[in-house]
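In what follows, a single structure is set out as structure tokens and then discussed.
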Amino acid sequence: MMAHVTGQSRYQTTLFPEVLDEVVGRDDPVRVIDAFVDTLALAELGFSKAAAEELGRPPYAPGDLLKLYIYGYLHRVRASRR
460 MMAHVTGQSR YQTTLFPEVL DEVVGRDDPV RVIDAFVDTL ALAELGFSKA AAEELGRPPY
520 APGDLLKLYI YGYLHRVRAS RR
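Have a look at this one:
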């Protein structure tokens, strides 16, 4: 079975001398979203693509997409073009 598309580690050093995890403030709401979604059992909640398929390009992890959706909702981003 294929895995989901893997993201980059937050601790990966970027082109600049700082680490991505250090750019996000300690009290930033994105940390709450990240911690909350990580505690959810997405397959039990009805996310049908929680397990990756065997064929084709691996999908993005549903947890990552849910985090992005919640972040956009909280910041009133209604479209990806904004």
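To convert, count from 1 in the sequence shown and add 459; that's my numbering.
No residue lacks a Cβ here, since even glycine has one placed at the ideal position from N, Cα and C.
Taking the alpha helix (DSSP H) that residue i belongs to, which residues open and close that run?
i: Asp-497; result: 488-498
i: Tyr-532; result: 521-533
i: Leu-543; result: Residue 543 lies beyond the stretch modelled for the chain, which goes from 460 to 541, so this question has no answer here.
Kindly list the residues whose CB is nearer than 7 Å to the CB of residue i, restricted to its own chain and excluding five residues on each side of it in sequence; keep chain order.
i: Ile-492; result: Lys-526, Ile-529 and Tyr-530
i: His-463; result: Ala-511, Pro-517, Pro-518, Tyr-519 and Ala-520
Can you tell me which of the options puts its alpha carbon nearest to the alpha carbon of residue i?
i: Gly-505; options: Pro-521, Gly-515, Asp-497 and Glu-481; result: Pro-521
i: Asp-487; options: His-534, Arg-516 and Ala-538; result: His-534
i: Tyr-470; options: Glu-481, Arg-540, Val-464 and Arg-516; result: Glu-481
i: Thr-498; options: Leu-514, Asp-523, Glu-513 and Thr-465; result: Asp-523
If contacts are defined as beta-carbon pairs under 8 Å, then residue i and residue j qualify, I think. What distance do you get, rounded to the angstrom?
i: Val-483; j: Arg-490; result: 7 Å
Can you list, in chain order, the residues of its chain with a C-beta nearer than 6 Å to that of residue i? Leave out the 5 residues immediately preceding and following it.
i: Ser-468; result: none
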